[in-house]
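All remarks here apply to the structure that follows.
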Amino acid sequence: MSYREKFTGELQSLTDEVIDLGVLCYDRLQGVTNLLSMDDIEPARDLVSGDVEANRREYNINSQAVTLITTQAPVATDTRIIISSIKIAYDLERISDNISNLAEVRKRVKITNEKLLLRLRTMEQLASLMLKDVYAAYLDQDTSLCKEVYERDEDIDSLFVHVTTSDIFEDSDLFVSGQSQLCAKYLERIGDHVKNIAEHVYFVITGEKIEKID
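Its first residue numbered 3, the sequence shown is counted upward by one per residue in our numbering.
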């Protein structure tokens with residue numbers, strides 16, 4: 003095996019690790035808002051404990067990336083992939099953190115406001131679709147889809163503003179209302195991190211920042 007073949011294999015291994023972390027985060031996100039109204043608190047506890055695996059994978063990605071940079075002298079295109087892998091792994095790990103934060107809310111309170119829950123579920127579904135589509139954009143090297151995912155974060159932001167500024171809160175308990183608003187904030191942050199990932203993927207494909215698109 004030549005030096006270049008060995009390096010290409012190691013670079014692909016790094017990319018695969020990032021994709022695996024993305025799949026883990028996507029799976030953790032599915033149905034997270036359903037936990038908020040469940041009687042059983044154990045699924046929330048399990049989701050919180052599952053964040054350890056996301057942390058471990060991000061650490062491994064960072065270690066692998068540093069090794070490639072310091073031992074393989076990658077060319078510019080390779081360096082772009084390596085640095086972007088570190089950034090994407092960071093955003094994925096923060097997505098996992100915010101998923102755990104949502105589960106932590108359920109450990110403190112049970113949310114029963116159906117109007118609120120509907121909006122939170124919609125925010126979750128929008129973020130899940132963004133994460134799924136940014137993966138497709140990477141596989142297909144689709145810069146247009148990267149831009150679309152990037153812009154769709156505005157839909158989550160709009161729901162966040164609606165949840166936190168409307169009279170949707172029926173509960174007179176200020177603690178419950180505060181925890182409910184935290185849920186919206188965590189979902190809004192997940193959307194922000196997927197938006198960042200779309201920008202990183204666009205950079206991997208083009209070498210330019212997504213804001214430069216006309």
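Don't be surprised by glycine CBs; every beta carbon is placed ideally from N, CA and C.
Judged by DSSP in its simplified three-state form, Asp155 adopts helix. The region 12-54 is shown to contain no whole beta strand (DSSP E) run of 3 or more residues.
Using a Cβ distance threshold of 8 Å, Ile84 and Ile97 do not count as a contacting pair.
Within the model, the alpha-carbon separation for Ala67 versus Val34 is close to 31 Å. The beta carbon of His195 sits closer than 6 Å to the beta carbons of Asp93, Arg96, Ile97 from its chain, once the five residues preceding and following it are set aside; these are given in chain order. DSSP places Ser130 inside the alpha helix (DSSP H), whose first and last residues are 116-142. Annotation for Glu190: the continuous alpha helix (DSSP H) segment containing it runs 176-208. Exclusion of the five residues before and after Tyr140 leaves Val203 as the residues of its chain whose Cβ lies within less than 6 Å of its Cβ.
A residue is called buried once 16 or more other Cβ atoms fall within 10 Å of its Cβ, and Leu122 is buried on that count. By the neighbour-count criterion, in which a residue is buried when 16 or more other Cβ atoms sit within 10 angstroms of its Cβ, Asn100 is buried. Each of Ile199, Leu176, Ile170 was checked against the Cα of Arg154, and the nearest Cα belongs to Ile199.
A check of alpha carbon separations from Arg47 across Gly209, Lys109, Cys185, Glu116 identifies Lys109 as the nearest. Spanning the alpha carbons of Thr81 and Ser15 requires a straight line of approximately 15 Å.
For Lys112, the three-state secondary structure derived from DSSP is coil. The C-beta separation of Ile170 from Leu189 comes to about 14 Å, leaving the pair out of contact by the 8 Å criterion.
The beta-carbon separation of Leu128 and Gly193, rounded to 7 Å, stays under the 8 Å limit for a contact.
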